[in-house]
Each structure stands twice: as structure tokens, then as C-alpha cells.
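Numbering (full-length UniProt numbering), first residue to last: 1 to 413.
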């Protein structure tokens with residue numbers, strides 16, 4: 001049997017026609033995929049397994065998961081691992097481009113489902129949401145999940161470059177087009193991203209004149225450099241993003257209606273972090289691991305610290321959370337990150353931020369702590385697949401983790 005990376009979830013089967021997933025695999029897959037997507041994955045695995053001879057193996061890459069199939073005589077080994085595996089130390093330490101995409105909340109699971117669908121097509125995607133919610137990470141994930149994944153991904157903030165330079169940046173320019181340019185001219189981002197993906201962030205900041213040119217690119221699939229006369233074909237997928245209300249900009253004659261509808265083919269609205277609190281604890285753990293690995297430090301969040309961070313409103317969304325964790329890893333004295341280490345704005349929180357209504361009763365402090373403890377234990381166990389490692393990370397005895405896991409299993413998790 002081949003050696004499998006410790007983060008692969010493995011199962012064995014003799015039935016090549018209806019390859020079943022193990023309970024652990026189904027649990028992992030159902031966090032981000034619909035039942036229909038899982039069924040499609042099963043069918044694809046069965047078809048490829050049928051072609052294998054004893055001793056042969058093959059690897060399948062789906063939008064969000066990597067599948068390894070190994071045949072031993074009449075027995076099959078099926079291994080599954082997320083493509084964006086949060087616990088891959090080398091990725092975390094050396095790649096700032098790894099999308100920190102967490103999908104524990106229902107809202108983010110729905111978005112993962114949409115990404116799964118749009119990854120197979122070239123439709124234009126419009127990402128909507130407040131600053132810092134992760135639009136750039138989602139744009140990169142869409143690219144990495146698509147058939148263009150091996151091609152170039154380029155991004156540009158439409159509000160960060162002066163209008164006088166923006167046209168040349170997007171479409172390039174010919175030699176002698178303007179003072180200070182390269183003597184041989186220069187390709188623009190659309191040419192550089194040919195066959196790949198271009199991410200236009202803050203699209204609402206694009207000038208009206210450049211909106212016309214962008215519309216032409218979408219319609220004609222070609223660009224013309226500044227100062228040039230030749231039309232250059234480009235095959236680029238466009239993902240745009242904004243934190244503005246584009247429909248209102250259209251009504252105010254600040255954004256072209258025809259461009260709006262061209263961009264609005266697949267809109268994805270990303271809710272602020274305060275509206276998807278189920279994602280906060282996994283994000284805290286993701287960024288804590290990322291920066292403790294990066295800076296070679298041993299740090300852990302105390303339960304009461306994590307509880308306070310979950311209750312915080314996060315006006316800066318995921319970006320604010322990531323920046324805070326990086327700062328805490330660098331500046332905190334000792335092994336534990338305590339409440340006193342947090343900024344005063346967070347320390348001052350004294351009441352739960354979750355709204356209480358007829359459908360949601362106020363929890364007692366005892367019950368709230370019990371729920372948080374369960375969430376932290378299960379998250380650590382999902383991540384490390386070992387009660388010993390989970391106990392080490394959480395700073396408790398392994399017997400405590402084993403006892404709690406047994407209790408959670410008995411109650412259906």
C-alpha cells in the first residue's frame with residue numbers, strides 16, 4: 001500500500017461499482033458539498049476504479065478535493081483530502097496566496113456550492129460584500145477550482161490606480177504612447193492573463209470611460225492597446241468585486257447599466273463575519289496555526305479568550321481577524337493568549353453579541369461554556385484526526401478528549 005499523507009482520509013472497499021465513502025469521509029465532504037455533488041464524485045470514482053489493474057493507482061482532482069484510488073487485487077483504497085488543506089504547514093509558511101476559506105456556517109456552505117457549480121464554466125462572477133469579508137480569497141478559489149487553474153491569475157484594485165494610468169494598466173500601450181512609458185510598449189493585464197483569470201476588485205470605482213472599454217472586452221473578447229490600432233484577442237475569465245451597491249450606482253448614472261448586467265451573471269453575496277459566527281472559531285484556529293508556523297512560535301488561545309472573540313462584531317471582517325491573530329502571535333508574552341492580551345475594544349465586551357428573540361433562548365453561562373468547549377474539541381479533532389494531538393493543542397489530558405468525544409458520539413455529535 002502506498003504511503004498516504006497524514007491529512008488524507010482513507011477507506012477500503014471491494015465494491016468498485018458503488019464506491020462507498022467512510023463515515024469520516026462523508027462528514028468531511030458534506031461540510032462543503034451537496035448530496036448531488038457527492039453522488040457525482042462517487043460515480044466518477046467508480047468509473048476510474050473500473051479501469052485500474054491490480055497494483056495501479058490514479059488521482060482525480062475535483063473542484064475542492066483530491067481523490068487517490070489504489071487497487072490491490074480486488075480491493076480498492078480510496079483516499080480523500082481537501083485541495084486547500086488548512087493543516088499543510090509548507091503552504092501556510094511559504095504561500096501568502098493560500099485562500100483562507102472557511103465554510104462552517106450555512107451561508108458559506110451555500111457559497112461553496114455555488115463555487116462548485118461555476119468552476120466548470122467561464123461565466124462572469126460578481127462578488128458582493130463589505131470590505132474584508134474575503135472576496136479576494138473567494139476569487140482565487142474560483143480560479144483554482146476551474147479549468148484555468150494552471151493559467152495566470154491576476155488581480156487589480158480599480159480604486160488604487162489613478163484614472164490616467166488605469167487604461168494602460170488594463171489594456172497595455174504601444175511604444176511612444178506617453179512620456180515615461182517603456183520604450184517598447186507594454187502588455188496590459190488582460191493580455192498577461194490570457195487564458196487565465198483577471199480579478200477586478202472595487203469595480204464600482206472604475207471610471208465611466210473605462211467602463212465602456214471593459215464592456216467591449218466582455219462583448220468582443222479583444223482589446224486594443226493605448227496608442228495602438230490592432231485588435232488583440234484575449235480569452236480571459238473576469239471576476240469582479242465591490243462593496244458598493246452597483247444597482248444604486250446605475251440608478252445614479254455612475255455605473256453603466258449594460259456593464260452591470262454583463263457582470264451580474266453569477267452574483268455571490270458574502271455576508272459579514274458577524275452574520276456567520278460559526279466560521280469565527282475555525283478562522284481563529286486557521287490563522288493561529290498559520291502564524292505560529294510562520295513565526296516559529298508556540299501559542300494557544302485560552303477558551304475564555306476565544307469566547308470573547310466569537311462575540312466580537314468584527315467590523316473589519318476576516319481581514320481584521322487575521323491581522324489581530326498575527327499581532328497576538330508576535331506580541332503576546334508566554335504560551336497562552338489571554339483576554340488581557342486583546343485590544344481594549346474587544347475586552348470591553350460584556351454581553352453576547354448574538355441577538356436574542358423568540359426563536360433563540362438566552363443561554364446560561366454554564367451552557368454557553370459547554371457549547372464552546374464542544375466546538376473547540378470537535379474542531380481540533382477534525383483538524384488533527386487524533387485525540388492525542390487535539391489534547392496537546394488544547395492543553396488538556398488525552399483521556400479528557402477521548403471521554404468528551406465518546407460522549408459527543410453517543411449524542412450523535
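Cβ atoms here follow ideal geometry from the backbone N, Cα and C, with glycine treated the same way.
Query: Secondary structure of residue 198, DSSP reduced to three states; Result: strand
Query: Cβ separation of residue 264 and residue 39, assumed to be a contact under 8 Å, to the nearest whole Å; Result: With 8 Å as the limit, residue 264 and residue 39 do not qualify as a contact, their Cβ atoms being about 31 Å apart.
Query: Burial state of residue 242 (16 or more Cβ within 10 Å); Result: buried
Query: At least 3 beta-carbon pairs within less than 8 Å: the segment 158-166 vs the segment 268-283; Result: no
Query: Beta carbon of residue 372 nearer than 9 Å to that of residue 307; Result: yes
Query: Outcome for residue 397 when other beta-carbon atoms lying within 10 angstroms are tallied against a minimum of 16; Result: exposed
Query: Residues near residue 379 by beta carbon distance below 8 Å, same chain, minus five either side; Result: 281, 282 and 285
Query: Sequence-distant residues of its chain with Cβ nearer than 6 Å to residue 402 (five each side left out); Result: 387
Query: For residue 128: DSSP bridge partner residues; Result: 242 and 269
Query: Cross-strand partners of residue 58 (DSSP beta bridge); Result: 69
Query: Per-residue DSSP class, three states only, for residue 93; Result: Note on residue 93: pLDDT 37, under 50, position unreliable in the model; the coordinate value appears next. The answer is helix: DSSP assigns residue 93 an H, G or I state.
Query: Neighbour-count burial assignment, residue 230, 16 or more Cβ in a 10 Å radius; Result: exposed
Query: DSSP three-state assignment for residue 153, whether helix, strand or coil; Result: strand
Query: Of the residues 341, 370 and 53, the one placed nearest residue 329, counting alpha carbons only; Result: 341
Query: Cross-strand partners of residue 301 (DSSP beta bridge); Result: 337
Query: Spatial neighbours of residue 185 in its chain, beta-carbon cut-off 6 Å, leaving aside the 5 residues before and after; Result: 173, 174 and 175
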